[in-house]
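Trainee:
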Amino acid sequence: MPREGKPINIIGKQFSLLIKPTSADCNLNCEYCFYHQRPTDPYKSDQIHKMNDEVLITMISQYLNITGQYGAFSWQGGEPLLMGIDFFKKVVSLQQVYGYRGQYVGNSVQTNATLITDDFAKLFHEYNFLLGVSLDGPAEIHEYYRGKGTFQKVMDGINILRNHKVEFNILSVVNDHTAQKADVLYKFFLENKFYYLQFIPAVEFNRSSGQLTDFSVNPKDYGNFLCQLFDLWYNNGNPVISIRTFDNIATIYAGIKSEACIYMKECGNYAVIEYNGDVYPCDFFVEEPLLLGNILKTPLKEIISSQKMRDFSSQKCNFDIFEDCKNCAYEFICHCGCPHYRYNNEMDYLCSAYKQFFAYTESRFRILANRIKIQYAYQNQQSKFLSEKPQKTPERNDPCPCGSGKKYKRCCMLK
Numbered sequence: 017m018p019r020e021g022k023p024i025n026i027i028g029k030q031f032s033l034l035i036k037p038t039s040a041d042c043n044l045n046c047e048y049c050f051y052h053q054r055p056t057d058p059y060k061s062d063q064i065h066k067m068n069d070e071v072l073i074t075m076i077s078q079y080l081n082i083t084g085q086y087g088a089f090s091w092q093g094g095e096p097l098l099m100g101i102d103f104f105k106k107v108v109s110l111q112q113v114y115g116y117r118g119q120y121v122g123n124s125v126q127t128n129a130t131l132i133t134d135d136f137a138k139l140f141h142e143y144n145f146l147l148g149v150s151l152d153g154p155a156e157i158h159e160y161y162r163g164k165g166t167f168q169k170v171m172d173g174i175n176i177l178r179n180h181k182v183e184f185n186i187l188s189v190v191n192d193h194t195a196q197k198a199d200v201l202y203k204f205f206l207e208n209k210f211y212y213l214q215f216i217p218a219v220e221f222n223r224s225s226g227q228l229t230d231f232s233v234n235p236k237d238y239g240n241f242l243c244q245l246f247d248l249w250y251n252n253g254n255p256v257i258s259i260r261t262f263d264n265i266a267t268i269y270a271g272i273k274s275e276a277c278i279y280m281k282e283c284g285n286y287a288v289i290e291y292n293g294d295v296y297p298c299d300f301f302v303e304e305p306l307l308l309g310n311i312l313k314t315p316l317k318e319i320i321s322s323q324k325m326r327d328f329s330s331q332k333c334n335f336d337i338f339e340d341c342k343n344c345a346y347e348f349i350c351h352c353g354c355p356h357y358r359y360n361n362e363m364d365y366l367c368s369a370y371k372q373f374f375a376y377t378e379s380r381f382r383i384l385a386n387r388i389k390i391q392y393a394y395q396n397q398q399s400k401f402l403s404e405k406p407q408k409t410p411e412r413n414d415p416c417p418c419g420s421g422k423k424y425k426r427c428c429m430l431k
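So my numbering is basically just the index in the sequence shown, starting at one, shifted up by 16.
#1: Mind checking Asn45: buried by the 16 CB within 10 Å criterion, or exposed?
#2: Verify the CB distance criterion: does Gly226 have a CB-CB separation below 8 Å to chain D?
#3: Take Thr130 as the anchor and find which of Leu177, Gln111, Tyr120 has the nearest alpha-carbon.
#4: Assign Gln214 to one of three DSSP states: helix, strand, or coil.
#5: Would DSSP call Thr166 helix, strand or coil?
#6: According to DSSP, what are the bridge partners of Val189?
#7: What's the gap between the Cα of Val108 and the Cα of Asp340?
#8: Give the secondary structure of Gly253 by DSSP, where H, G and I count as helix, E and B as strand, and everything else as coil.
#9: Is it the case that the Cβ atoms of Ser322 and Leu306 are separated by a distance below 8 Å?
#10: Can Pro58 and Glu303 be called in contact, C-beta distance under 8 Å?
#11: Would you check if there are 3 or more beta carbon pairs closer than 8 Å linking the stretch 59-76 to the stretch 179-187?
#12: What would DSSP say about Lys36, mapped onto helix, strand or coil?
#13: Gln112 and Ile35 - do their beta-carbons sit closer together than 8 Å?
#14: Can the beta-carbon of Phe215 be found less than 8 Å from the beta-carbon of Ile259?
#15: What span of residues does the alpha helix (DSSP H) with Gln112 cover, start to end?
#16: Does the contact criterion of 3 or more C-beta pairs under 8 Å hold for the stretch 222-229 versus the stretch 350-358?
#17: Cys352 to Asn123, Cα distance in whole Å?
#18: Please state whether the Cβ-Cβ distance between Tyr291 and Ser39 is less than 8 Å.
#19: Using a threshold of 8 Å, state whether the C-beta atoms of Phe145 and Thr83 are closer than that.
#20: Count the other C-beta atoms from every protein chain shown that fall within 10 angstroms of the C-beta of Gly271, then say buried if there are 16 or more, exposed otherwise.
#21: Beta-carbon separation of Val440 and Tyr296 under 8 Å?
#22: Could you name the residues of the same chain whose beta carbon sits closer than 8 Å to that of Asp41, not counting the 5 residues immediately before and after it, in chain order?
#23: Beta-carbon within less than 8 Å of Gln85's beta-carbon, same chain only, minus the 5 sequence neighbours each way: which residues are those?
#24: Can you give me the C-alpha to C-alpha distance between Ser403 and Lys138, rounded to a whole angstrom?
#25: Roughly how many angstroms lie between the CA atoms of Glu378 and Asn386, to the nearest whole one?
#26: Nearest CA to the CA of Phe300: which residue from Ala369, Asn343, Ala218?
Listed below in structure tokens is the structure:
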């Protein structure tokens, strides 16, 4: 039975957990995985990387006690499904025990989908898990860095998810091999009815030499990729699929806060929990100097409110360091970019790509933004007519205000 009483948001903002129950362990060996570029992995010497019950119970009970009405658990890796189905059954059971009555708790899993079974899919459907499936494109593209034979295994896993009506989206990595193939990727995803997409750039620095890895996408190619992809997606102002980057930018132009950390003024809207209870401020910075604490020793509330966490969060948009960003016409979108794409305190490696893309698409994003504003004005007018309080602008993962039961990002966001 859930806990009685009203859940209180002690954190003061929406805050999620990114949990790595198997740390970086994975059943695949993708060449561009950023864990391979991390020579100082603090857990490399540990033989077992599996979250135990003590860590799991402590994490769930403490988090649901401080997160307020909404709680979001994002299970990642490595490959989190290596934990097995009983682990995720236990997750759901503990959330039901430690959650409050009326508290909305969501779960997402980022997976390569090769370990999906009917039993996994049944569980995920029953408890409304959202799955992110890593798929770079058709077989030749997907297997270029992910390994021969992996494409069909992923597609088999996707078919199981579809058979059980599990909600999922696609995560595609844009690397040196795919950056010139936006049209091929878009056509493939559309033909296979993948309508919810996320594209992330592969940019990794060799920590020893400071040189870019061979698979990293260069700014010119990435800028061209985004522009070409946008042209395909825009569809005369009537996009037929969701691309997370474009969705976020459209809502920013409409004056709505982004849910993606790269477009926020500060980092710090989530924390990483490693398999042993160690806490870090970001998945890209699981390094000893940035260890914030351990939930078995220090309450989670204290860890995420610590000065060390605040210091990390504030370094995202620092005009003292990134003076050129202060007067940039597009600073209101990216807020100096992502710290992961910097090296030795230089500007975001992809800055020129973003500037190219923002300039190329600005007028069309403003058209989409106006449509979003009109939609909210109408919804708030309807709320007043019904003697209700005006609805606050929902974020991407909130329930859609139209009452469809779907998440906002999958319903009315770009209508």
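Glycine is no exception: its CB is placed at the ideal position from the N, C-alpha and C atoms.
Mentor: With the structure as the only source:
#1: Within the sequence shown, the letter at position 29 stands for residue 45. Exposed.
#2: No chain D is present in this structure, which holds just one protein chain.
#3: What you label residue 130 is simply residue 114 of the sequence shown in a count that begins at 1. Taking each of Leu177, Gln111, Tyr120 in turn and checking the Cα distance to Thr130, the smallest one comes out for Leu177.
#4: Locating residue 214 in the sequence shown gives position 198, counting from the first residue. Three-state result, Gln214: strand.
#5: For the purposes of this step, residue 166 is taken as residue 150 along the sequence shown, with counting starting at 1. Here Thr166 sits in helix by DSSP.
#6: Numbered from its first residue, the sequence shown carries residue 189 at position 173. Assignment of beta-bridge partners to Val189 by DSSP yields Ile216.
#7: By one-based count along the sequence shown, residue 108 stands at place 92. By one-based count along the sequence shown, residue 340 stands at place 324. Distance between the alpha carbons of Val108 and Asp340: 47 Å.
#8: Here residue 253 refers to the residue found at position 237 of the sequence shown. The answer is helix: DSSP assigns Gly253 an H, G or I state.
#9: What you label residue 322 is simply residue 306 of the sequence shown in a count that begins at 1. What you label residue 306 is simply residue 290 of the sequence shown in a count that begins at 1. For Ser322 and Leu306, no; Cβs fall outside 8 Å.
#10: Counting from one through the sequence shown, the residue named residue 58 turns up at place 42. Counting from one through the sequence shown, the residue named residue 303 turns up at place 287. Yes, these two residues count as a Cβ contact at 8 Å.
#11: Put simply, the stretch 59-76 does not touch the stretch 179-187. Fewer than three CB pairs are less than 8 Å apart.
#12: Counting from 1 along the sequence shown, the entry for residue 36 is found at position 20. Reduced to three states, the DSSP call for Lys36 is strand.
#13: As a working mapping, residue 35 is identified with position 19 in the sequence shown. As a working mapping, residue 112 is identified with position 96 in the sequence shown. Not a contact, by the Cβ cut-off of 8 Å.
#14: The residue given as residue 215 occupies position 199 in the sequence shown. The residue given as residue 259 occupies position 243 in the sequence shown. In this structure, Phe215 lies near Ile259, with their beta-carbon atoms less than 8 Å apart.
#15: For this step, residue 112 is matched to residue 96 along the sequence shown. Counting along the chain, the alpha helix (DSSP H) containing Gln112 begins and ends at 101-114.
#16: Between the stretch 222-229 and the stretch 350-358 there are fewer than three C-beta pairs closer than 8 Å, too few to call the two in contact.
#17: Locating residue 352 in the sequence shown gives position 336, where the first residue counts as 1. Locating residue 123 in the sequence shown gives position 107, where the first residue counts as 1. Each residue's alpha carbon lies about 30 Å from the other.
#18: On the sequence shown, residue 291 is found 275 positions in, with the first residue counted as 1. On the sequence shown, residue 39 is found 23 positions in, with the first residue counted as 1. It is a contact, given that the beta carbons lie within the stated cut-off.
#19: Working through the sequence shown from its first residue, we reach residue 145 at position 129. Working through the sequence shown from its first residue, we reach residue 83 at position 67. No; because the gap between Cβ atoms is not below 8 Å, this pair is not in contact.
#20: Reading the sequence shown from its first residue, position 255 is the one you call residue 271. Exposed, because fewer than 16 other Cβ atoms sit within 10 Å of the Cβ of Gly271.
#21: Beyond the ends of the chain as shown, which are 17 and 431, falls residue 440; an answer cannot be given.
#22: If you number the sequence shown from 1, residue 41 lands on position 25. Hits under 8 Å: His65, Gly93, Gly94, Glu95, Leu98.
#23: As a working note, residue 85 is residue 69 in the sequence shown. The residues Pro23, Asn25, Gly118, Gln119, Tyr120, in chain order, have a CB closer than 8 Å to that of Gln85 in the same chain once the five nearest residues on each side in sequence are set aside.
#24: Translated into positions along the sequence shown, residue 403 becomes position 387. Translated into positions along the sequence shown, residue 138 becomes position 122. For Ser403, the pLDDT reaches just 49, beneath the cut-off of 50, and the residue's location in the model is therefore unreliable, leaving the point undetermined.
#25: Walking along the sequence shown from the start, residue 378 turns up at place 362. Walking along the sequence shown from the start, residue 386 turns up at place 370. Computed Cα separation, rounded: 12 Å.
#26: Translated into the one-based positions of the sequence shown, residue 300 becomes position 284. Taking only the C-alpha atoms, the option nearest Phe300 is Ala218.
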